[in-house]
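In what follows, a single structure is set out as structure tokens and then discussed.
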Amino acid sequence: MPGYRKFESAADREELARLWNIDAARIPAGRGLAYPDIIEAAVAKKIRALWIIATNPVVSFPNIAVLRQAFENLDFLVVQDGYHPTPTSELADLVLPAAIWGEKEGTYTNSERRVSKVNAAVTPPGEALPDFDIFLRIARKLDCHDELFPGWSRPRDAFDEWRRISAGRLCDYSGLSYELIERGGGVQWPFPAGTTRVETTRLYANGRFPTEDGRARLLPVDWEPFPEQPRREFPLILNTGRTVEHWHTRTKTGRVPILERMSPRAWLEMNPRDASRLGLRPHDRVDVVSARSRVGRVELRVTEIVAPGQVFMPFHYVETNSNLVTQSAYDPYSREPNFKQCAVRVERSGVR
1093 MPGYRKFESA ADREELARLW NIDAARIPAG RGLAYPDIIE AAVAKKIRAL WIIATNPVVS
1153 FPNIAVLRQA FENLDFLVVQ DGYHPTPTSE LADLVLPAAI WGEKEGTYTN SERRVSKVNA
1213 AVTPPGEALP DFDIFLRIAR KLDCHDELFP GWSRPRDAFD EWRRISAGRL CDYSGLSYEL
1273 IERGGGVQWP FPAGTTRVET TRLYANGRFP TEDGRARLLP VDWEPFPEQP RREFPLILNT
1333 GRTVEHWHTR TKTGRVPILE RMSPRAWLEM NPRDASRLGL RPHDRVDVVS ARSRVGRVEL
1393 RVTEIVAPGQ VFMPFHYVET NSNLVTQSAY DPYSREPNFK QCAVRVERSG VR
């Protein structure tokens, strides 16, 4: 729910219901499924349709085989993206072409809580529309526009609604306006109505937190080894990650010629000790094999950047997707997936 409200809190549900002029019983008493749990529910056929917006899970999801099974079980898949085709949009029953940054108006907030304004520099190409317009069109098709978005016709309407329902909350935007944000080149929340200060650079400087007694809540956890430890059949630890030339699944950066020339394909980094033990040399083609699958014909780079017993592979590349071999492992609290740390072996390509 908006404004750091909790579904489990009856007071939060009732407050939001008053703001929206609806019956509080219409607001769920528990939050919905997290990302990995949505995929598992689709595998179990408890979810029959998905609407994916601005992401490419066919490349980025930590266990691609599970994701593909989930998609096969769906009755309908919608992908809304500024780019097509992508490995995910190619599987969609319906593709909704979306405008990208610089083609639409609105605000965004970064990780230091700074709210910035973006304006359309160019008109979206073809049939592409800003996400805001797509949502309103869908609402009209579902005959719920007037109830959910009464009087809305432009992004400022959504911003004003956020100002209204965030008032008095930790993330208070009620004193912000498009004009103030543009004039200041970005403004940090909280910024309550009537405030005159420019920004709050640090939260909790007084040592008090938004809890009943003002004290922070920390979750003590015991360290546990990662779930899939190396063993005789799979003696190496695979770490996956990024390279500086590409972003995420290369939806955008893969279309930039200079970046593609600098980093056109995936590779595997291995310590010289392991390479010597396996009889491998720099630039050999190797397969990375786990208990789940195999990624074939990856260029080997021998380097002491990685420690003995470990190998590293970037995850950006659908052609040689490291997430074919990674596992379904998630943090129990945040449900953040563990993209790294699975057990693998490395073979010269062609060896079975």
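For the sequence shown, position 284 (counting from the first letter as 1) is numbered 1376 according to the working numbering, and the numbering increases by one without interruption. Ideal placement from N, C-alpha and C gives every residue a C-beta, glycine not left out.
- For T1412, the CB contacts under 6 angstroms within the same chain, skipping 5 residues up- and downstream, are A1358, V1387 and V1390 in chain order.
- Between T1341 and V1151, the gap from beta carbon to beta carbon is short of 8 angstroms.
- F1318 places its beta carbon 8 angstroms or farther from that of Q1402.
- Residue ranges of uninterrupted beta strand (DSSP E) with 3 or more members, entirely inside the stretch 1251-1336 and ordered along the chain, are 1328-1333.
- Ranked by Cα distance from G1346, the options I1145, L1416, Y1409 and P1217 are led by Y1409.
- Where V1135 is concerned, the enclosing alpha helix (DSSP H) starts and stops at Y1127 to V1135.
- With 16 or more other CB atoms across the displayed protein chains lying within 10 angstroms of its CB, D1379 is buried.
- Per DSSP, the beta bridge partners of I1145 are Q1172.
- The shortest C-alpha to C-alpha distance from A1250 to any of T1288, G1198, E1274 and E1337 is the one to G1198.
- The continuous beta strand (DSSP E) containing E1391 extends over residues R1386 to V1394.
- DSSP places Q1402 in the uninterrupted beta strand (DSSP E) bounded by Q1402 to P1406.
- Between Q1172 and I1144 the beta-carbon gap is near 7 angstroms, inside 8 angstroms, which marks them as a contact.
- Here the C-alpha atom of E1164 lies approximately 10 angstroms from the C-alpha atom of K1137.
- When only Cα atoms are considered, N1430 and N1331 end up about 10 angstroms apart.
- DSSP, read as helix, strand or coil, puts R1365 in helix.
- Per DSSP, R1205 lies in no beta strand (DSSP E) and is assigned neither H nor E.
- Here the alpha carbon of I1226 sits roughly 23 angstroms from the alpha carbon of R1256.
- According to DSSP, W1359 shares a beta bridge with E1391.
- Closest in alpha carbon position to L1240, among R1246, A1231 and R1248, is A1231.
- The alpha-carbon of E1204 is positioned some 15 angstroms away from that of Y1265.
- Around the beta carbon of S1245, a 10 Å sphere encloses fewer than 16 other beta carbons of the protein chains shown; the residue is thus reported as exposed.
- According to the DSSP assignment, E1439 belongs to the beta strand (DSSP E) that extends over C1434 to R1440.
- Pairwise C-beta distances place the stretch 1208-1219 in contact with the stretch 1268-1281, as three or more of them are shorter than 8 angstroms.
- Counting only the Cα atoms, S1420 lies some 27 angstroms from R1393.
- Between R1440 and R1365, the alpha-carbon positions lie close to 16 angstroms from each other.
- For L1159, the closest of I1139, H1176, V1187 and G1174 by C-alpha to C-alpha distance is I1139.
- In this structure, the beta-carbon distance from I1119 to L1416 does not fall below 8 angstroms.
- Comparing alpha carbon positions, the residue from G1174, F1168 and G1194 closest to L1183 is F1168.
- Secondary structure note for L1351: it is in no beta strand (DSSP E), and the uninterrupted alpha helix (DSSP H) holding it is P1349 to M1354.
- Within the stretch 1178-1238, the runs of alpha helix (DSSP H) at least 4 residues long that lie entirely inside it are, in chain order, 1223-1233.
- For R1160, the enclosing alpha helix (DSSP H) has its first and last residue at I1156 to N1165.
- Counting other Cβ atoms within 10 Å of its Cβ, V1436 reaches 16 or more and is therefore classed as buried.
- Under a 10 Å Cβ-count criterion, V1214 is classified as exposed, with fewer than 16 other Cβ atoms of the shown protein chains found around its own Cβ.
- Beyond the five residues adjoining it in sequence on each side, L1125 comes within less than 7 angstroms, by CB distance, of A1133 in the same chain, given in chain order.
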